[in-house]
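Q: Residue numbers (my numbering): 782 to 1214.
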RNA sequence: UCCCCGAUAGCUCAGCUGGUAGAGCAUCCGGCUGUUAACCGGAUUGUCGUAGGUUCGAGUCCUACUCGGGGAGCCA
């Protein structure tokens, strides 16, 4: 008689049945003639109980010597037991050890960030990274679902680009046959081209910044989702960002409860993420900061990270700040027709003081104005000719934004550092493993 | 590029005004039929980041360097 395989995630469907689980030994404690094995199989973790009198003696002895992360399969009856973490346990009858692992470096005790990152290929197996990357998966799925339901087409932008989108200091240069090209730092310009073909598009892929940033909010390689919508104005794009964030949070709450609990996330903070998000202008935000003794903000400046924290901490949901001074923003953003020194842009600051999650704008759709800005910013016009074509042939008002995936995951999961929100983080001083 | 902090056992750390190195965990041995980071008893564990300097004597003080962490700027 063959025993069916089961996954720990779906054990509730197999109560009082005998199943075989295949996985790794996460932790073990022995009490003489009794072993408790915490088995993980990728889908979850469950306690397996081996009584000496219930299993083959060789298996009992062998399990007694197993080190952390040894691979094995265990067969037994699934029973509900209040004493077991998770509510279920396996009363083991038989099993097989696949490999005896020795001296696994990551113990159940505390470790430092440097050590864990140097062992990232193994650290992925630990509870916290496991939960976090499953939340990341749910965020990605929910984002694609959201845009698909709204008839957006996913049209990805290239990774290799011939030139900078804004300046050249933050680009990684790559040998490309007999010339050099750069790794993209934004898919936006290409997304604008795609939007003129499909109306509503988004691109989603890795993005590279050679900035020497060393903060909890920065990676040199991160994932960015960038929708671009023809005929949309600033207000449309703000509405879109708001709906998108609400959808993603709702889905994570539905599908990743267990993982949020592993991270000890305060669920009520996520349940508060509902429409409408507060929207204020740069000038209103500036007024708040000028009255705050904790801020060093000066009128006309962009907001620093501490300023963003002050602003976002005033609300229990994301804050949208619009109409920044044109001077501190990019050349492609459209000016406010009512006030030339302000542009039609929005930054979305996550709640709980996490800072910028989204940056977006209505795009400049007038050829002459765009030419003038390219000149003013000293950008190489030849490189932008294809982009200018979009204004020559049927230009329309259009808008878009960029969402930093890892920042979004960190915000939802309540995790401070973005390096935990991507499987293998790349930072200025770390590209291994 | 700038500012701040750190580097001692496999891991996390302690080591006072300078006097030849310590704990917990991991590992190994023994005990235990309900553990939740199990517990109890025993054992093993070191180029104190590197190179100079001061000193009778440096883990400790000084200088430089290397590596890493946090932050600023910039951004998502």
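Ideal Cβ positions, reconstructed from N, Cα and C, are used throughout, including at glycine. None of the values given here were measured: they were computed from a predicted structure.
1) So residue 927 is in the alpha helix (DSSP H); what residue range does that whole segment cover?
2) Is residue 1027 near residue 983, with beta carbons less than 8 angstroms apart?
3) Would you list the one or two residues that DSSP bridges to residue 871?
4) Which same chain residues, not among the five before or five after residue 1206, have their C-beta less than 6 angstroms away from its C-beta?
5) Take residue 927 as the anchor and find which of 937, 1031, 987 has the nearest alpha-carbon.
6) On a Cα-Cα basis, can you pick out the residue from 1169, 1147, 1096 that is closest to residue 1136?
7) Please name the residue or residues paired with residue 852 in a DSSP beta bridge.
8) What is the rounded straight-line gap between the Cα of residue 964 and the Cα of residue 1132?
9) Rounded to a whole number of angstroms, what is the C-alpha to C-alpha distance between residue 1062 and residue 1213?
10) Quick check: the Cα distance between residue 1037 and residue 919, rounded to an integer number of angstroms?
11) Figure out for me which residue from 1181, 1059, 844, 1093 has the closest Cα to the Cα of residue 1011.
12) Report the partner residues of residue 970 according to the DSSP bridge assignment.
13) Cutting at 8 angstroms between CB atoms, please list the residues of its own chain near residue 943, excluding the five before and the five after it.
14) When DSSP labels each residue in this structure, what does residue 1197 get in the three-state scheme?
15) With hydrogens ignored, establish whether the beta-carbon of residue 851 is closer than 7 angstroms to any heavy atom of the ligand GDP.
16) Could you please give the first and the last residue of the uninterrupted beta strand (DSSP E) stretch that includes residue 987?
17) Give me the Cα-Cα distance between residue 747 and residue 790, rounded to the nearest whole angstrom.
18) In chain order, what residues of the same chain have a beta carbon less than 6 angstroms from the beta carbon of residue 1103, not counting five sequence neighbours either side?
19) Drop a sphere of 10 angstroms on the beta-carbon of residue 1071, count the other beta-carbons inside from all chains shown, and report buried for 16 or more, exposed for fewer.
20) Check this for me: beta carbons of residue 968 and residue 1007, under 8 angstroms apart or not?
21) Taking the alpha carbon of residue 786 as the reference point, which residue from 811, 794, 795, 802 has its own alpha carbon closest?
22) If you check the beta carbons only, do residue 818 and residue 874 fall under 8 angstroms apart?
23) Between 1116, 823, 810, 1091, which has its C-alpha nearest residue 1145's C-alpha?
24) Find the nearest neighbour of residue 1018 within the set 1184, 839, 807, 827, judged by alpha-carbon distance.
25) Under a three-way DSSP split, which group does residue 888 fall into?
26) Need the endpoints of the alpha helix (DSSP H) that residue 1018 sits in, please.
27) Below 8 angstroms, can you find three or more Cβ-Cβ pairs linking the stretch 1142 to 1161 to the stretch 888 to 899?
28) For residue 864, name the three-state secondary structure that DSSP assigns.
29) Okay, do the stretch 970 to 977 and the stretch 1063 to 1083 touch, 3+ Cβ pairs below 8 angstroms being the bar?
30) I need the boundaries of the beta strand (DSSP E) containing residue 1008, first residue and last residue.
31) Report, in whole angstroms, the separation of the C-beta atoms of residue 1168 and residue 1100, which I expect to be a contact under 8 angstroms.
32) Quick check on residue 828: buried or exposed, where buried means 16 or more other Cβ atoms within 10 Å of its Cβ?
33) What does residue 819 pair with, by DSSP beta-bridge criteria?
34) Tell me which same chain residues have a C-beta within less than 7 angstroms of the C-beta of residue 781, skipping the five on either side of it?
35) Taking buried to mean at least 16 other C-beta atoms within 10 Å of its own C-beta, is residue 957 buried or exposed?
36) Given this structure, state the Cα-to-Cα distance separating residue 1039 from residue 1033, to the nearest angstrom.
A: Quick look at the numbers:
1) Position 146 of the first chain, counting from 1, holds the residue named residue 927. 908 to 930 is the span of the alpha helix (DSSP H), which, as asked, contains residue 927.
2) By 1-based counting over the first chain, the position of residue 1027 is 246. By 1-based counting over the first chain, the position of residue 983 is 202. No, the Cβ-Cβ distance between residue 1027 and residue 983 is not below 8 angstroms.
3) If you number the first chain from 1, residue 871 lands on position 90. In the DSSP assignment, the residues bridged to residue 871 are 829, 859.
4) As a working mapping, residue 1206 is identified with position 425 in the first chain. Result list for residue 1206: 1000, 1200, in chain order.
5) Looking up residue 927 in the first chain gives position 146. Selected option, being the one with the closest Cα: 1031.
6) Stepping through the first chain from its first residue, residue 1136 is reached at position 355. Taking residue 1136 as reference, the option from 1169, 1147, 1096 with the minimal CA-CA separation is 1096.
7) Looking up residue 852 in the first chain gives position 71. Residue pairing by DSSP puts residue 852 in a beta bridge opposite 805, 880.
8) The count along the first chain starts at 1 and reaches residue 964 at position 183. The count along the first chain starts at 1 and reaches residue 1132 at position 351. Taking the CA atoms as reference points, residue 964 sits about 31 angstroms from residue 1132.
9) As a first step, residue 1062 is located in the first chain; it is residue number 281 there, counting from the start. As a first step, residue 1213 is located in the first chain; it is residue number 432 there, counting from the start. Looking at the backbone, the Cα of residue 1062 and that of residue 1213 are separated by about 42 angstroms.
10) To locate residue 1037, count along the first chain from 1; it is residue 256. To locate residue 919, count along the first chain from 1; it is residue 138. Approximately 7 angstroms between the Cα atoms of the pair.
11) Against the first chain, residue 1011 aligns to sequence position 230. The residue with the shortest Cα to Cα distance from residue 1011 is 1181.
12) Position 189 of the first chain, counting from 1, holds the residue named residue 970. Residue 970 is not bridged to any residue.
13) Reading the first chain from its first residue, position 162 is the one you call residue 943. Closer than 8 angstroms at the Cβ level, and outside the excluded window around residue 943, lie 962, 963, 1164.
14) Position 416 of the first chain, counting from 1, holds the residue named residue 1197. In the structure shown, residue 1197 sits in coil (DSSP, three-state: anything other than H, G, I, E or B).
15) In the structure shown, the ligand GDP is absent, as is every other ligand, since no ligand is present at all.
16) Mapped onto the first chain, residue 987 falls at position 206. First-last of the beta strand (DSSP E) with residue 987: 981 to 989.
17) Since the displayed the chain opens at 782 and closes at 1214, residue 747 lies outside it and no answer follows.
18) For this step, residue 1103 is matched to residue 322 along the first chain. The beta carbon of residue 1103 sits closer than 6 angstroms to those of 1062, 1127, all from its chain and outside the five residues before and after it, given in chain order.
19) In the first chain, counting from the first residue as 1, residue 1071 sits at position 290. Exposed is the call here.
20) The count along the first chain starts at 1 and reaches residue 968 at position 187. The count along the first chain starts at 1 and reaches residue 1007 at position 226. Yes; because the gap between Cβ atoms is below 8 angstroms, this pair is in contact.
21) Taking the first chain and counting its residues from 1, the one referred to as residue 786 is at position 5. Taking only the C-alpha atoms, the option nearest residue 786 is 802.
22) Taking the first chain and counting its residues from 1, one reaches residue 818 at position 37. Taking the first chain and counting its residues from 1, one reaches residue 874 at position 93. No.
23) In the first chain, the residue the question calls residue 1145 occupies position 364. Nearest C-alpha to residue 1145: 1116.
24) Here the question's residue 1018 lines up with position 237 in the first chain. Comparing Cα positions, the closest option is 1184.
25) Along the first chain, one-based indexing puts residue 888 at 107. In the structure shown, the three-state DSSP call for residue 888 is coil.
26) Numbered from 1 along the first chain, position 237 holds the residue referred to as residue 1018. 1015 to 1036 is the extent of the alpha helix (DSSP H) around residue 1018.
27) In this structure the stretch 1142 to 1161 does not touch the stretch 888 to 899; the number of beta carbon pairs closer than 8 angstroms is below three.
28) Here residue 864 refers to the residue found at position 83 when the first chain is read from its first residue. In this structure, residue 864 counts as coil in the three-state DSSP scheme.
29) No, because fewer than three Cβ pairs between the stretch 970 to 977 and the stretch 1063 to 1083 fall closer than 8 angstroms, the two stretches do not touch.
30) Taking the first chain and counting its residues from 1, the one referred to as residue 1008 is at position 227. From DSSP, the beta strand (DSSP E) with residue 1008 extends over 1002 to 1011.
31) For the purposes of this step, residue 1168 is taken as residue 387 along the first chain, with counting starting at 1. For the purposes of this step, residue 1100 is taken as residue 319 along the first chain, with counting starting at 1. The pair is not a contact, with the Cβ atoms about 31 angstroms apart (cut-off 8 angstroms).
32) Within the first chain, residue 828 is the residue found at index 47, counting from 1. With 16 or more neighbouring CB atoms inside 10 Å of its own CB, residue 828 falls in the buried class.
33) As a working note, residue 819 is residue 38 in the first chain. DSSP lists 808, 828 as partners of residue 819.
34) No information on residue 781 is available, as it lies outside the stretch 782 to 1214 that the chain covers here.
35) Within the first chain, residue 957 is the residue found at index 176, counting from 1. Around the C-beta of residue 957, fewer than 16 other C-beta atoms lie within 10 Å, and the residue is accordingly described as exposed.
36) Reading the first chain from its first residue, position 258 is the one you call residue 1039. Reading the first chain from its first residue, position 252 is the one you call residue 1033. Looking at the two C-alpha atoms, the distance is approximately 10 angstroms.
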